[in-house]
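Student:
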Amino acid sequence: MEVKSIANGVVIDHVRAGFGMKVLEYLNVDTGSDTVALLMNVASRKHGRKDIIKLENVESVDLNVLGLVDHNATVIHIRDSKVVEKVKLSFPTKVKNVITCKNPRCVTSIEAVPHVFHLADDEGRYRCEYCDNIVKADEN
Amino acid sequence: MELKGRHLIEPSDLTVEEMEGLFDEAERIVANPESYAEVCKGKLLATLFYEPSTRTRFSFEAAMLRLGGKVIGFSEPNSSAVAKGESIADTIRTVECYADIAVMRHPKEGSVLVASRQSDMPVINAGDGGHHHPTQTLTDLLTIRLEKGGFDGITVGLCGDLKFGRTVHSLIQALTRYTGVRFIMISPQELSVPEYVREKIRKSGMEFEETHDLRQSLPKLDVLYMTRVQRERFFNEEDYIRLKDRYILDAGKLKDAKPDLMVLHPLPRVNEIAVDVDSDPRAHYFRQAKNGMYVRMALLMALLGVKGE
Numbered sequence: 001m002e003v004k005s006i007a008n009g010v011v012i013d014h015v016r017a018g019f020g021m022k023v024l025e026y027l028n029v030d031t032g033s034d035t036v037a038l039l040m041n042v043a044s045r046k047h048g049r050k051d052i053i054k055l056e057n058v059e060s061v062d063l064n065v066l067g068l069v070d071h072n073a074t075v076i077h078i079r080d081s082k083v084v085e086k087v088k089l090s091f092p093t094k095v096k097n098v099i100t101c102k103n104p105r106c107v108t109s110i111e112a113v114p115h116v117f118h119l120a121d122d123e124g125r126y127r128c129e130y131c132d133n134i135v136k137a138d139e140n
Numbered sequence: 001m002e003l004k005g006r007h008l009i010e011p012s013d014l015t016v017e018e019m020e021g022l023f024d025e026a027e028r029i030v031a032n033p034e035s036y037a038e039v040c041k042g043k044l045l046a047t048l049f050y051e052p053s054t055r056t057r058f059s060f061e062a063a064m065l066r067l068g069g070k071v072i073g074f075s076e077p078n079s080s081a082v083a084k085g086e087s088i089a090d091t092i093r094t095v096e097c098y099a100d101i102a103v104m105r106h107p108k109e110g111s112v113l114v115a116s117r118q119s120d121m122p123v124i125n126a127g128d129g130g131h132h133h134p135t136q137t138l139t140d141l142l143t144i145r146l147e148k149g150g151f152d153g154i155t156v157g158l159c160g161d162l163k164f165g166r167t168v169h170s171l172i173q174a175l176t177r178y179t180g181v182r183f184i185m186i187s188p189q190e191l192s193v194p195e196y197v198r199e200k201i202r203k204s205g206m207e208f209e210e211t212h213d214l215r216q217s218l219p220k221l222d223v224l225y226m227t228r229v230q231r232e233r234f235f236n237e238e239d240y241i242r243l244k245d246r247y248i249l250d251a252g253k254l255k256d257a258k259p260d261l262m263v264l265h266p267l268p269r270v271n272e273i274a275v276d277v278d279s280d281p282r283a284h285y286f287r288q289a290k291n292g293m294y295v296r297m298a299l300l301m302a303l304l305g306v307k308g309e
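Same order as they appear, the protein sequences are chains A and B.
Just so we're aligned, residue 1 is where the first sequence starts under the working numbering, counting upward by one.
Just so we're aligned, residue 1 is where the second sequence starts under the working numbering, counting upward by one.
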């Protein structure tokens, strides 16, 4: 299968195999107007299998959200068919309205407040700001 | 110590020095209550209790009245605008128009934090679901300090419902800031401490063990903190019935304990401490309830910026 390179936009490489759809969903990309390519289970020397996302004419993506969903991914910015920047991701220290608190006893279940989570450790576990419930980012 | 205008949502909102300052003030009040009888004259406390309470509400109300202040509030949300569906944020904004300080209990975890963020008036957490109960912790610590002189190096057993027991979570959080405290957490698997509490102890570097066996743990303890399995925290009545009488401390079991053990309980108790323990000098839970009023007097004064005579 051949998917052509993009001249301008963002490529998200090294996405964990099978997570491409989830990443797209979290990034809230406008698939109605932008050209989007999602390649799943691409052979990779380093990872065995990986997903790749190509977003044509998109200038930036929310790195916080992306770091949360798949912190091992790499974001590559393309201008005039050249790589201008590669960004290695890490877990964001704080996220707002990305993870939802599932604790039925949490105040977020009754009050209109943002769902705020703070990074709890190096393994990508997050703590709800209100009830301290701990969740693993990629299991939410 | 400058606590004027601050909120108290969880024990870590206070430094160790600030807590010790409150205990010092509480001890001065115990020694000379008359000289504090009018220090809060003209001040108004609002008590917002969305969940039932006897000790905490009465002790806050008694504390304010004994300081010469006045009290307004509700102890039954159905008798307030809450019954009409008012949000926590709107309720606290309204109460702020009338009162100088508020104390709030609510079944949802994090609810008092949400209220405090909408309020310039100090807001005190009197229990938010199964999360925290910092003024019970001040009560517990004052009781231990009066008896043991301090907290460094003590072994504390916590027994019963450690999952939903907010007093347990707050007490552990506060004690991890002293030196060499050892925790023995005794509970059925289903009611063990939440991961964030375990994490807090790990980060402090203190020792802890988790066990199901109260009898074996008893001889090692300097303090035994018993808790009630709380029916109101269960979604399933069968689980409550299965777990409620798992641990019962009685005079027989206490024979294996140290002679200077302190048995504490935030109260109310149901069956977890047999009445034959009440006459044992190691039972401190009713004295603990009295200390709660004194330390709440010290807290109200500090948050209102009122000085003693």
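Glycine included, each C-beta is placed from N, C-alpha and C at the ideal position.
What's the C-alpha gap between phenylalanine 286 of chain B and valine 306 of chain B?
Tutor: Cα-Cα distance, rounded: 28 Å.
Student: For glutamate 195 of chain B, return the contacting residues in chain A, with the cut-off set at a CB-CB distance below 7 Å.
Tutor: Here the neighbours are Ile134.
Student: What distance in whole Å lies between the Cβ atoms of aspartate 132 of chain A and histidine 131 of chain B, which are believed to be in contact at a cut-off of 8 Å?
Tutor: With 8 Å as the limit, histidine 131 of chain B and aspartate 132 of chain A qualify as a contact, their Cβ atoms being about 7 Å apart.
Student: Determine which residues of the stretch 242–264 of chain B have a Cβ less than 7 Å from any Cβ of chain A, and write them out in chain order.
Tutor: Hits within the stretch: zero.
Student: Anyone know if the C-beta pair for isoleucine 134 of chain A and histidine 115 of chain A falls short of 8 Å?
Tutor: No, the pair does not count as a contact, with Cβ atoms beyond the cut-off.
Student: With DSSP as the reference, label histidine 169 of chain B as helix, strand or coil.
Tutor: The answer is helix: DSSP assigns histidine 169 of chain B an H, G or I state.
Student: Please report whether the beta-carbon of lysine 108 of chain B lies at a distance below 8 Å from any beta-carbon of chain A.
Tutor: Chain A, which has a Cβ nearer than 8 Å to the Cβ of lysine 108 of chain B, makes this yes.
Student: Consider the Cβ of serine 59 of chain B: report whether some Cβ of chain A lies at a distance smaller than 8 Å.
Tutor: By this cut-off, serine 59 of chain B is not an interface position.
Student: Under 8 Å, do methionine 64 of chain B and leucine 48 of chain B count as touching if we go by C-beta distance?
Tutor: Not in contact: methionine 64 of chain B and leucine 48 of chain B (Cβ atoms no closer than 8 Å).
Student: May I ask which residues mark the beginning and end of the beta strand (DSSP E) holding phenylalanine 49 of chain B?
Tutor: It spans 44–49 - the beta strand (DSSP E) in which phenylalanine 49 of chain B sits, taken as one unbroken run.
Student: What does DSSP give as the partner residue(s) for leucine 8 of chain B in the beta ladder?
Tutor: The partner list for leucine 8 of chain B (beta bridge, DSSP) reads B:Ile124.
Student: Which parts of the stretch 220–279 of chain B are runs of the alpha helix (DSSP H), unbroken and 4 residues or longer, counting only runs that do not cross its ends?
Tutor: Taking only runs of at least 4 residues, the alpha helix (DSSP H) segments lying wholly in the stretch 220–279 of chain B are 237–243, 251–254.
Student: Considering only the beta carbon of each residue, do glycine 160 of chain B and glutamate 272 of chain B sit closer than 8 Å?
Tutor: It is a contact, given that the beta carbons lie within the stated cut-off.
Student: From glycine 110 of chain B to aspartate 80 of chain A, what distance separates their C-alpha atoms?
Tutor: Looking at the two C-alpha atoms, the distance is approximately 50 Å.
Student: Where does alanine 73 of chain A land, buried or exposed, given buried means 16+ other C-beta within 10 angstroms?
Tutor: Buried: at least 16 other Cβ atoms inside 10 Å.
Student: Measure how close the beta-carbons of leucine 191 of chain B and leucine 162 of chain B come, nearest whole angstrom, since I'm counting them as under 8 Å.
Tutor: Rounded, the Cβ-Cβ distance is 6 Å, consistent with contact.
Student: Shortest alpha-carbon distance to methionine 293 of chain B belongs to which of B:Thr54, B:Lys4, B:His7, B:Ala115?
Tutor: Checking every option, the nearest Cα to that of methionine 293 of chain B belongs to B:Thr54.
Student: Which term fits lysine 203 of chain B, buried or exposed, when burial requires 16 or more other beta carbons within 10 angstroms of its beta carbon?
Tutor: The residue is exposed, with fewer than 16 neighbouring Cβ atoms inside 10 Å.
Student: Which residue comes first and which comes last in the beta strand (DSSP E) that contains tyrosine 130 of chain A?
Tutor: That residue, tyrosine 130 of chain A, is in no beta strand (DSSP E); it is neither H nor E in DSSP.
Student: Spatial neighbours of glutamate 210 of chain B within its chain, please: C-beta separation below 7 Å, excluding the five flanking residues on both sides.
Tutor: For glutamate 210 of chain B, where only same-chain residues beyond five positions count, the Cβ hits under 7 Å are Met185, Ser192.
Student: Smallest Cα separation from serine 187 of chain B: which of B:Ser217, B:Gln173, B:Met206?
Tutor: Serine 187 of chain B has its Cα closest to that of B:Ser217, out of B:Ser217, B:Gln173, B:Met206.
Student: Please tell me whether serine 111 of chain B has its Cβ less than 8 Å away from any Cβ of chain A.
Tutor: Answer yes: the Cβ-Cβ gap between serine 111 of chain B and chain A drops below 8 Å somewhere.
Student: What three-state label does DSSP hand methionine 185 of chain B in the structure shown?
Tutor: Reduced to three states, the DSSP call for methionine 185 of chain B is strand.
Student: Compile a chain-ordered list of the residues in the stretch 119–140 of chain B whose CB is closer than 8 Å to at least one CB of chain A.
Tutor: Hits within the stretch, in order: Asp128, Gly129, Gly130, His131.
Student: Hey, how far is the Cα of glutamate 34 of chain B from the Cα of arginine 28 of chain B?
Tutor: Their Cα atoms are separated by approximately 11 Å.
Student: Of all the residues that make up the stretch 87–100 of chain B, which are near chain A by a beta-carbon distance shorter than 9 Å?
Tutor: Within the stretch 87–100 of chain B, the residues whose Cβ lies closer than 9 Å to some Cβ of chain A are Ser87, Ile88, Ala89, listed in chain order.
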